[in-house]
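Trainee: Counting from 1 along the sequence shown, just add 22 to a position and that's the residue number in the working numbering.
The C-beta atom is built at its ideal place from N, Cα and C for all residues, glycine as well.
Keep in mind the model is a prediction, meaning the values are calculated, not measured.
Have a look at this one.
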Amino acid sequence: MSYVQSILLPNERVVYVASLHWMMYIRGLVLTIGGGLVGALSHPLLTFLIGSDLADLYARPLAFLALIAVLIGIGLLVLYYVRQTSTEIVVTSSRLITKYGFISRASYELMINRITGATLQQSALERVLGYGTLVVHGAGGDTTPIYGVANPQEFYRALTGVMDKR
23 MSYVQSILLP NERVVYVASL HWMMYIRGLV LTIGGGLVGA LSHPLLTFLI
73 GSDLADLYAR PLAFLALIAV LIGIGLLVLY YVRQTSTEIV VTSSRLITKY
123 GFISRASYEL MINRITGATL QQSALERVLG YGTLVVHGAG GDTTPIYGVA
173 NPQEFYRALT GVMDKR
């Protein structure tokens, strides 16, 4: 939380620290594991299904596609790890601060007294898995969605609790 700590105002305190949910890793995991399984099992399975002569013909291109899927999956896992570790979402006693990015950084700060409301959006699956999107409504009609937040009810409760105290 180095960025947020470096910009705290005098007498400002951190009320809640949110994080991104692990669900963001699913695409990378599916590609990596699925590609690995296809690559490992393609030749034996093709041999069983269509015979060894045709299996030799089709196994190599299939293994190449599986390798591409594994590499893309690993790339996504690294990307999502960097995204998760470089994202800070913090409710303080006077602001909502979100910081995204590692090399290129984007930071959004909303003063609590300029927030008119917040909306929690969750599908049934998101509710079961414990993540969702919090849409923050600003005084000028602006909306700021914060996607993939873990424990969004706690985040919502912390934000609205600070808003009620203003």
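Apart from the five residues just before and just after Y102, which ones in its own chain have a Cβ nearer than 7 Å to its Cβ?
Mentor: Around Y102: M46, Y47, G50.
Trainee: So for T54, helix, strand or coil by DSSP?
Mentor: The answer is helix: DSSP assigns T54 an H, G or I state.
Trainee: Closest by CA to D87, which one among S64, R188, P174?
Mentor: Here residue 87 is Leu; the residue named in the question, Asp, does not match the sequence. Ranking S64, R188, P174 by Cα distance to L87 puts S64 first.
Trainee: Can you pull the DSSP bridge partners for E110?
Mentor: Paired residue(s): K121.
Trainee: Among all the DSSP beta bridges, which residues are the ones paired with T13?
Mentor: Since the first residue shown for the chain is 23 and the last is 188, residue 13 is missing from the structure and cannot be characterised.
Trainee: If I'm right that L142 touches L156 with Cβ under 8 Å, what's the distance once you round it to whole angstroms?
Mentor: Contact holds; Cβ gap of about 6 Å.
Trainee: Ends of the beta strand (DSSP E) at L132?
Mentor: It spans 128-133 - the beta strand (DSSP E) in which L132 sits, taken as one unbroken run.
Trainee: Should the stretch 75-87 be regarded as contacting the stretch 122-136, the criterion being three or more beta carbon pairs within less than 8 Å?
Mentor: They do not touch, by the three-pair rule.
Trainee: Going by DSSP, which residues form a beta bridge with Y38?
Mentor: Answer is V113.
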